[in-house]
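Going line by line, the protein sequences match chains D and H.
According to UniProt numbering, the first sequence is numbered sequentially starting from 1.
According to UniProt numbering, the second sequence is numbered sequentially starting from 1.
Even glycine gets a Cβ: it sits at the ideal position worked out from N, Cα and C.
As the structure is a prediction and not an experimental result, all values here were calculated from the model.
Here is the structure we will look at.
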Amino acid sequence: MQPFIRVTGPAAPFPQPNVDTDVIMPKQFLKGVDRKGLDRGVFYDLRFGPDGQPRADFILNRPGWQGARFLVVGPNFGCGSSREHAVWGLAQLGIRALIGTSFAGIFNDNCQRNGILTVTLDAAVIDDLMTRVGQPSANGLTIDLPEQTITVDADGHIIPFAIEALRRDALIQGLDGVSATLARHAQAIRAFEDGHRQANPWFY
Amino acid sequence: MPRTLYDKIIDAHTVCRLDDHGQVLLYVDRTILNEYTSPQAFSGLREAGRTVWNPSAALMVVDHVNPTVSHRTLEVADKEAAAQIAYFRENARDFGIELFDILDPRQGIEHVVAPEQGLVMPGMVVAAGDSHTTAYGALGALGFGIGTSDIEHYLATQTLVYRRLKTLRITVDGDLAPGVTPKDLVMEVIRRIGADGATGYAVEFAGPAIDAMGVEGRMTVCTMIVEAGARGAIIAADEKVLAYIQGRPRAPKGALWSQAAEAWLALRTDEGAIFDREVHLVAEDVAPMVTWGTSPDQAAVITGTVPAPEAEAEPGRRAALSRALDYMGLAPGAALDGITISHAFIGSCTNARIEDLRDAARVLRGRRVAAGVRAIIVPGSTQVRAQAEREGLDRVFSAAGFEWRQSGCSMCLAMNDDVLRPGDRCASSTNRNFEGRQGKGARTHLMSPAMVAAAAIAGHLADVRTFSTQEEVA
């Protein structure tokens, strides 16, 4: 997993509420057995016209927001299906962080497992940031995860954010979760399992 | 200190605490794997040379991409679907996990199949690569969806890195009126609290209307509450749950059964336990619901009208409403029961169990689907299909003009060949009305199976309460 320490780049506004994972990654991109080529699928029906050409009015196709590294998003972003393909696609497109008021649970975990930082902030802060990054001349941000700050590059405005240490450190280190769990807890899991089996023999 | 049922289950599954902010290493009892969210998890295991911690705690079911035509074969024409199924079979074989393949008499939608087999029991934690895993709450188990990375983590370690949720209790007093179903109840809950109303919460359903509900109805409620963002759902097990589980293939037997039954009935929220949030509803206030928009909370009673964007005060939601009406091709103020449909679909983990099919058959007996409507029934499992055929329901559906299909997820998410075309409008017993969900440009109206049956006959969305129903063939 790519570590997240300090990332600079343009941010794009995506204010719609309840953007679901069907919209982020439509069904025709779910039929692989690997993770390849999912950057093409991200927001496919919004990004591309019926002829497969980019829609000029879609935010990520507009000058200034092409190559966005961050999205400032509306509430409940990533709701619906558990499909991790949505997150793999966003990562392949170069998106490193999502900033919003709330994220759907499974989607949020999927981001965490793939090195995409999700930052949750109050609605007023998000509204202000949404307006700022809506101007292509002022949409550059720097996110410093160890410092837990977002800096608006144009004027140096700093927005601090909170994140649990466990999540933060996993992102900074780019940890492989399975290796970490097995290395640290395999014995504890076995011991727990023995007790669990005795308490609930009908489960086994 | 009094504890909620959710807290008891989490406590009983906590291997160790990972921080002081509610992160734990959570032991997970079971998973069910499907062919589209699991392949990369298995590839991860293969690349790292890892094995599955406990293969007998997993079940693999082909459900998302398989065709549902009445005569199906092991081979699938669609190349990508065939490749997913082939790799699924390879993974089942190489990792030693039981597989219900396309032609297995136990095949079906994973959330229908697992309870059917007695694989889900009160007090369990079940995590699976499908958001509707919340279904298992109906059996007193904590079920929740996970992504592919977490499937891999589960398979390798039998655990997940899990953050304890806030708790929300939804208490439903009173009785549901005739013609009003568990689907209508959960749609009303979602309408009230919003598509993010339960985000970050585990939901416990309680109250007389839940107690009176059958186990399958509770599955509908628990399955669909994920559309309000719930990361888990649960209903305390009662005698109905025990009766549902007893005698199923994987259920405990003999002395172990009695021991389990006693433990399961004792597993409930303590008197005085405090929830982070409480919501109360009165069942008599619930009426047959339909969605008019592209988010499950964009719903109204069938006797209502399409809302006007101006009625929405918050700008973001107003814009979303406007966009939804544009996508749905609906004008503000239009009567919901005047909306003409081209398709009717009864299926999905939310509403394709035997009680759902019986509900639909009561409306369809002696009636015909309206001209111009294509109507399809996809049973929740191959066993549900067989049961329906024993009861003669298939003949009711066929006589009414419904296509009687094999089991799978089918047109709930249209990953197989059951796909709507742009502009098609479908009355659907499924759980998501997202843009493009049933096909690019297709329009979905969510409702109960009985309401889908009524719409299919009328040719437009219709109030099932105005239809007389028949128990037996006339």
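Worksheet item: Relative to the alpha-carbon of H:Asp184, which residue among H:Ser429, H:Phe434, H:Gly436 has its alpha-carbon at the smallest distance?
Response: Taking the first residue of the second sequence as position 1, residue 184 of chain H is located at position 184. Of H:Ser429, H:Phe434, H:Gly436, the residue nearest in Cα terms is H:Ser429.
Discussion item. Please tell me whether H:Ser448 has its Cβ less than 8 Å away from any Cβ of chain D.
Written reply: Within the second sequence, the letter at position 448 stands for residue 448 of chain H. It does not; no Cβ of chain D falls within 8 Å.
Fill in: DSSP three-state assignment for D:Gly94, whether helix, strand or coil
One-based indexing of the first sequence puts residue 94 of chain D at position 94. Coil at D:Gly94, not helix or strand.
Worksheet item: beta strand (DSSP E) containing H:Arg443: first to last residue?
Response: One-based indexing of the second sequence puts residue 443 of chain H at position 443. 443 to 446 is the extent of the beta strand (DSSP E) around H:Arg443.
Worksheet item: Quick one, are the C-beta atoms of H:Val120 and H:Leu139 less than 8 Å apart?
Response: Translated into positions along the second sequence, residue 120 of chain H becomes position 120. Translated into positions along the second sequence, residue 139 of chain H becomes position 139. A contact, by the Cβ cut-off of 8 Å.
Fill in: Beta-carbon spacing of H:Ile376, H:Arg405 below 8 Å
Here the question's residue 376 of chain H lines up with position 376 in the second sequence. Here the question's residue 405 of chain H lines up with position 405 in the second sequence. Result yes, Cβ atoms of H:Ile376 and H:Arg405 sit closer than 8 Å.
Practice prompt. Taking C-beta pairs closer than 7 Å, name the residues in chain D that H:Pro252 reaches, listed in chain order.
Written response: Numbered from its first residue, the second sequence carries residue 252 of chain H at position 252. Chain D residues near H:Pro252: Trp202.
Worksheet item: Given that D:Ile42 touches chain H, what residues does it touch there, using C-beta distances under 9 Å?
Response: Against the first sequence, residue 42 of chain D aligns to sequence position 42. For the sequence presented, residue 42 of chain D should be read as Val rather than Ile. Under the 9 Å cutoff, chain H gives no residues; its nearest Cβ is about 14 Å from D:Val42.
Worksheet item: Does the stretch 44 to 53 of chain H touch the stretch 164 to 172 of chain H, meaning 3 or more C-beta pairs lie closer than 8 Å?
Response: no
Worksheet item: Along chain H, in chain order, which residues have C-beta atoms closer than 7 Å to that of D:Val33?
Response: The residue labelled residue 33 of chain D in the question sits at position 33 within the first sequence. Correct list: Pro39, Ala83, Gln84, Tyr87.
Worksheet item: So with Cβ pairs under 8 Å, would you call D:Ile189 a contact of chain H?
Response: Position 189 of the first sequence, counted from the start, is the residue given in the question as residue 189 of chain D. Yes, because at least one Cβ of chain H sits closer than 8 Å to the Cβ of D:Ile189.
Worksheet item: With a Cβ-Cβ cutoff of 8 Å, do H:Ile193 and H:Val279 count as a contact?
Response: As a first step, residue 193 of chain H must be located in the second sequence, where it is residue number 193. As a first step, residue 279 of chain H must be located in the second sequence, where it is residue number 279. Yes, the pair counts as a contact, with Cβ atoms nearer than the cut-off.
Worksheet item: Which class does H:Pro315 belong to by DSSP, given the choice of helix, strand or coil?
Response: As a position in the second sequence, residue 315 of chain H is number 315, starting the count at 1. H:Pro315 falls in the helix class under three-state DSSP.
Discussion item. Quick check: the Cα distance between H:Asp29 and H:Glu262, rounded to an integer number of angstroms?
Written reply: Against the second sequence, residue 29 of chain H aligns to sequence position 29. Against the second sequence, residue 262 of chain H aligns to sequence position 262. So the two alpha carbons sit approximately 20 Å from each other.
Worksheet entry | Exposure of H:Leu242, with buried meaning 16 or more beta-carbon neighbours within 10 Å | On the second sequence, position 242 is the one that residue 242 of chain H refers to. The residue in question, H:Leu242, is buried, as its Cβ has 16 or more Cβ neighbours within 10 Å.
Fill in: Within 8 Å of chain D by C-beta, residues of the stretch 415 to 427 of chain H in sequence order
Met415
Worksheet item: Which of helix, strand or coil does DSSP assign to H:Gly140?
Response: As a position in the second sequence, residue 140 of chain H is number 140, starting the count at 1. DSSP places H:Gly140 in coil when its eight states are reduced to three.
Discussion item. If the cut-off is 7 Å on Cβ atoms, which residues from the stretch 87 to 121 of chain H count as contacting chain D, listed in chain order?
Written reply: Tyr87, Met121
Discussion item. According to DSSP, is H:Cys349 part of a helix, a strand, or is it coil?
Written reply: In the second sequence, residue 349 of chain H corresponds to position 349, counting from 1. Coil at H:Cys349, not helix or strand.
Discussion item. Counting beta carbon pairs with one atom in the stretch 67 to 87 of chain D and one in the stretch 122 to 135 of chain D, are three or more of them shorter than 8 Å?
Written reply: yes
Worksheet entry | Secondary structure of H:Lys166, DSSP reduced to three states | Taking the first residue of the second sequence as 1, we reach residue 166 of chain H at position 166. H:Lys166: strand per DSSP, three-state reduction.
Worksheet item: Taking Cβ to Cβ, would you say H:Gly316 is nearer than 8 Å to D:Pro15?
Response: Here residue 316 of chain H refers to the residue found at position 316 of the second sequence. Here residue 15 of chain D refers to the residue found at position 15 of the first sequence. Yes, the Cβ-Cβ distance between H:Gly316 and D:Pro15 is below 8 Å.
Worksheet item: Using 8 Å as the limit for Cβ to Cβ distance, is D:Ala165 near chain H?
Response: Numbered from its first residue, the first sequence carries residue 165 of chain D at position 165. Closer than 8 Å to some Cβ of chain H, the Cβ of D:Ala165 qualifies, so yes.
Discussion item. Here's the rule: buried if 16 or more other CB atoms are within 10 angstroms of the residue's CB, otherwise exposed. What is H:Thr354?
Written reply: Taking the second sequence and counting its residues from 1, the one referred to as residue 354 of chain H is at position 354. The question names Thr, but residue 354 of chain H in the sequence shown is Ile. With 16 or more other Cβ atoms within 10 Å, it is buried.
Worksheet item: Do we get a CB-CB distance below 8 Å when we pair H:Lys166 with the residues of chain D?
Response: Against the second sequence, residue 166 of chain H aligns to sequence position 166. Output row for H:Lys166: interface = no.
Item to complete: Give a yes or no on whether the minimum CB-CB distance between D:Gly106 and chain H is below 8 Å.
Response: The residue labelled residue 106 of chain D in the question sits at position 106 within the first sequence. For the record, residue 106 of chain D in the displayed sequence is Ile; it is not Gly. It does; some Cβ of chain H falls within 8 Å.
Practice prompt. Give, in chain order, every residue of the stretch 65 to 80 of chain D whose Cβ lies closer than 9 Å to some Cβ of chain H.
Written response: Gly74, Pro75, Asn76, Cys79, Gly80
Worksheet entry | Reference D:Cys111; option with closest CA among D:Gly52, D:Arg168, D:Thr142, D:Phe48 | Working through the first sequence from its first residue, we reach residue 111 of chain D at position 111. The option with the nearest alpha carbon to D:Cys111 is D:Arg168.
Worksheet item: What are the boundary residues of the beta strand (DSSP E) that includes D:Pro10?
Response: Against the first sequence, residue 10 of chain D aligns to sequence position 10. Looking at the DSSP string, the run of the beta strand (DSSP E) that includes D:Pro10 is 6 to 14.
Worksheet item: Under 8 Å, do H:Asn34 and H:Gly129 count as touching if we go by C-beta distance?
Response: As a working mapping, residue 34 of chain H is identified with position 34 in the second sequence. As a working mapping, residue 129 of chain H is identified with position 129 in the second sequence. Against a cut-off of 8 Å, the Cβ pair of H:Gly129 and H:Asn34 comes out as a contact.
Worksheet item: Which chain D residues sit within Cβ distance under 8 Å of H:Gln158?
Response: The residue given as residue 158 of chain H occupies position 158 in the second sequence. Ordered by position in chain D, the residues that pass the 8 Å Cβ test against H:Gln158 are Ile189, Glu193.
Worksheet entry | Within chain H, partners of D:Pro26 - CB distance below 8 Å | To locate residue 26 of chain D, count along the first sequence from 1; it is residue 26. The contacting residues are Gly436, Lys440.
Worksheet entry | Cβ pair H:Gly372, H:Ser398 closer than 8 Å | Position 372 of the second sequence holds residue 372 of chain H. Position 398 of the second sequence holds residue 398 of chain H. No, Cβ-Cβ distance for H:Gly372 and H:Ser398 is not below 8 Å.
Practice prompt. Measuring alpha carbon to alpha carbon, tell me which of D:Val19, D:Glu147, D:Leu46 ends up nearest D:Gly164.
Written response: Mapped onto the first sequence, residue 164 of chain D falls at position 164. Residue 164 of chain D is actually Glu in this sequence, not Gly. Per the Cα distances, D:Glu147.
Discussion item. Residues of chain D with CB closer than 7 Å to the CB of H:Tyr327, please, in chain order.
Written reply: Working through the second sequence from its first residue, we reach residue 327 of chain H at position 327. Correct list: empty, because the minimum Cβ distance to chain D is about 11 Å.
Discussion item. Short of 6 Å in beta carbon distance, which residues of its chain neighbour H:Ala233, apart from the five on each side in sequence? Order them along the chain.
Written reply: As a position in the second sequence, residue 233 of chain H is number 233, starting the count at 1. Answer for H:Ala233: Thr134, Gly137, Val203, Cys222, Ile225, listed in chain order.
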